[in-house]
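Presented below is the structure to which this report refers.
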Amino acid sequence: MTERLTLAQQHLYTFRACPRRFYLRFLVRVPWPEAPLGLEQEQAYERGRRFHRWIERHFLGLPVADEGDHDPVLRRWWDTFQRHAPPLPEGRRFIETSLTVPIGPDGKHRLTGRFDLLVTGGDPVAASLFDWKTGEPRPIERLRRAWQTRVYLYLLAEGGVALTPDAPAAFAPERISLTYWYVEEPLQPRPITYDPAAHRANRVELDGVVAEIDRQLTENEWPLTDDWTECRQCAYQAICGRQAAGQAALDETADDDEEPDHAWLEPQWG
Ligand code: SF4
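Start counting the sequence shown at 5; every next residue gets the next number (the numbering used here).
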């Protein structure tokens with residue numbers, strides 16, 4: 005296989021978790037059936053998707069709540085957002101905006117991400133990302149290492165200027181930040197800053213994993229993970245003969261810092 009891939013954070017996460025899962029899910033596209041966890045988690049993801057949609061409509065100036073939607077959890081989340089959303093800087097707002105840059109050997113592949121909210125502006129001009137989370141709040145140290153963080157910061161530093169060509173200085177690494185806001189801890193937003201050294205390290209790591217994917221594409225070998233705990237949250241157990249791994253409990257898999265809650269069930273692929 006020599007195709008050009010468009011990779012988002014969930015692809016990198018999945019490849020690192022298990023190359024075979026990456027292959028099955030994103031290359032041959034074996035349908036991802038209902039996760040072993042079943043209905044409860046699926047409902048949580050659907051609620052997270054709707055919450056993101058409401059926030060998007062809010063920033064677009066559109067009516068928010070669906071008529072007749074009385075989901076008490078969603079209503080509580082929305083009330084929390086209205087009262088405790090993080091303060092936003094002045095500037096131009098980009099809502100649910102995607103950015104894609106070349107990556108990998110000779111820029112052969114693409115790295116992409118979709119931002120909940122980006123604000124560019126201020127003095128000095130800066131680029132501030134905001135990401136809404138409905139899952140279990142994560143410590144900031146863990147968020148710093150998350151694929152989402154690494155991919156989003158890299159994308160902005162490498163390609164943000166395409167969004168505002170008149171303000172390229174906003175995308176100098178030291179002017180970029182990403183703030184995670186958890187609906188369950190609304191008064192404790194988690195701001196993550198960036199700088200040139202972090203960007204260089206990030207580039208090395210992202211180039212490395214993409215080069216590894218590229219190599220395995222050439223060799224067409226996709227080993228099963230040695231870590232059977234990964235199989236506990238994988239819908240391909242039967243295909244791999246890993247049923248003995250068992251099934252994960254909900255709190256083992258609510259890992260929305262790595263697997264964004266609005267992207268898990270329908271993988272983005274281009
Ligand atoms: S069941 Fe295990 S080995 Fe098979 S794809 Fe899933 S994580 Fe990988």
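Note that the Cβ used here is the ideal one computed from N, Cα and C, for glycine as well.
Range covered by the alpha helix (DSSP H) that runs through L159 | As a working mapping, residue 159 is identified with position 155 in the sequence shown. Per DSSP, L159 belongs to the alpha helix (DSSP H) from 151-163.
Problem set entry | Where the beta strand (DSSP E) containing E100 begins and where it ends | Taking the sequence shown and counting its residues from 1, the one referred to as residue 100 is at position 96. 96-107 is the span of the beta strand (DSSP E), which, as asked, contains E100.
- Item | Best match in Y198, F26, F55 for proximity to E225 [C-alpha to C-alpha] | By one-based count along the sequence shown, residue 225 stands at place 221. Among Y198, F26, F55, the Cα nearest to that of E225 is on F26.
Point to revise | Euclidean distance between Cα positions of V77 and E100 | key: Residue mapping note: residue 77 aligns to position 73 of the sequence shown, counting from 1. Residue mapping note: residue 100 aligns to position 96 of the sequence shown, counting from 1. C-alpha separation (whole angstroms): 23 angstroms.
Open item on the list: Taking the alpha helix (DSSP H) that H15 belongs to, which residues open and close that run?
Closed with: Translated into positions along the sequence shown, residue 15 becomes position 11. Element bounds for H15: 13-21.
*asked:* Quick check: is any heavy atom of ligand 1 less than 8 angstroms from the C-beta of Q47?
replied: As a position in the sequence shown, residue 47 is number 43, starting the count at 1. Not under cutoff, so the answer is no.
* Asked: Do you know whose CA, among P227, R219, W81, W136, lies nearest W185's CA?
  -> Within the sequence shown, residue 185 is the residue found at index 181, counting from 1. Nearest of P227, R219, W81, W136 to W185, Cα basis: W136.
Whole alpha helix (DSSP H) runs in the segment 195-248 with 4 or more residues, listed along the chain?
200-223, 232-235, 241-244
Next item on the list: Compare the C-alpha of R148 against each of R51, F85, S181 and name the closest.
Entry: On the sequence shown, residue 148 is found 144 positions in, with the first residue counted as 1. Of R51, F85, S181, the residue nearest in Cα terms is S181.
> Between the beta-carbon of V105 and the beta-carbon of A174, is there less than 9 angstroms?
Replying inline: Residue mapping note: residue 105 aligns to position 101 of the sequence shown, counting from 1. Residue mapping note: residue 174 aligns to position 170 of the sequence shown, counting from 1. Contact flag unset, no.
Original post:
Taking Cβ to Cβ, would you say W161 is nearer than 9 angstroms to Y198?
Top reply: Numbered from its first residue, the sequence shown carries residue 161 at position 157. Numbered from its first residue, the sequence shown carries residue 198 at position 194. In the sequence under discussion, the amino acid at residue 161 is Ala, which differs from the Trp named in the question. Contact flag set, yes.
Just to confirm, does T124 get its C-beta within under 8 angstroms of one of the non-hydrogen atoms of ligand 1?
The residue labelled residue 124 in the question sits at position 120 within the sequence shown. Not under cutoff, so the answer is no.
query = DSSP on G52, reduced to helix/strand/coil?
reply = Start at 1 with the first residue of the sequence shown, and residue 52 comes out as number 48. Reduced to three states, the DSSP call for G52 is helix.
Query raised in the report: Between L64 and the rest of its own chain, which residues show a CB-CB distance below 7 angstroms, the 5 nearest in sequence each way excluded?
Result: Numbered from its first residue, the sequence shown carries residue 64 at position 60. Excluding residues within five positions, the ones whose Cβ falls inside 7 angstroms are I99.
- Query: Is it buried or exposed for P264, if we count other Cβ within 10 angstroms and need 16 for buried?
  - Reply: For the purposes of this step, residue 264 is identified with residue 260 of the sequence shown, where counting begins at 1. With a pLDDT of 39 at P264, under the threshold of 50, the modelled position of that residue is not reliable, and no figure is offered here.
Item to complete: Please list, following the chain, all residues that have a C-beta closer than 6 angstroms to any non-hydrogen atom of ligand 1.
Response: The filter returns C22, R24, R25, L28, L228, T229, E234, C235, C238, Y240, Q241, C244, R246, in chain order.
- prompt: Could you give the residue range of the beta strand (DSSP E) that holds H88?
  reply: Position 84 of the sequence shown, counting from 1, holds the residue named residue 88. In the DSSP assignment, H88 falls outside any beta strand (DSSP E) and within the unbroken alpha helix (DSSP H) covering 76-88.
* State the CB to CB distance for the pair E234 and R154, rounded to an integer number of angstroms; the pair is presumed to be in contact (CB under 8 angstroms). => Here residue 234 refers to the residue found at position 230 of the sequence shown. Here residue 154 refers to the residue found at position 150 of the sequence shown. Not really, about 20 angstroms apart at Cβ, beyond 8 angstroms.
Q. Based on Cα-Cα distance, which residue from D110, L11, S132, L66 lies nearest to P93?
A. Locating residue 93 in the sequence shown gives position 89, where the first residue counts as 1. Distance check between P93 and each of D110, L11, S132, L66 places S132 closest, using alpha-carbon atoms only.
**Asked** Helix or strand or just coil, what does DSSP make of D110?
**Response** By 1-based counting over the sequence shown, the position of residue 110 is 106. Of the three classes helix, strand and coil, the one that applies to D110 here is helix, per DSSP.
So, for T18: in the same chain, excluding its five sequence neighbours on each side, which residues have a beta-carbon less than 8 angstroms away from its beta-carbon? On the sequence shown, residue 18 is found 14 positions in, with the first residue counted as 1. So the qualifying residues of the chain are R25, F26, R29, F30.
Just reading off the beta strand (DSSP E) that L182 is part of, what are its end residues? For the purposes of this step, residue 182 is identified with residue 178 of the sequence shown, where counting begins at 1. Note, L182: beta strand (DSSP E), 180-186.
(message) As a quick exercise: from Q86, Q13, H15, pick the residue whose alpha carbon is nearest that of V187.
(response) Taking the sequence shown and counting its residues from 1, the one referred to as residue 187 is at position 183. Comparing Cα-Cα distances from V187 to each of Q86, Q13, H15, the minimum goes to Q86.
Could you say which of L11, T84, T10, T138 lies nearest to R53 if we only look at CA atoms? Walking along the sequence shown from the start, residue 53 turns up at place 49. Closest by alpha carbon: T138.
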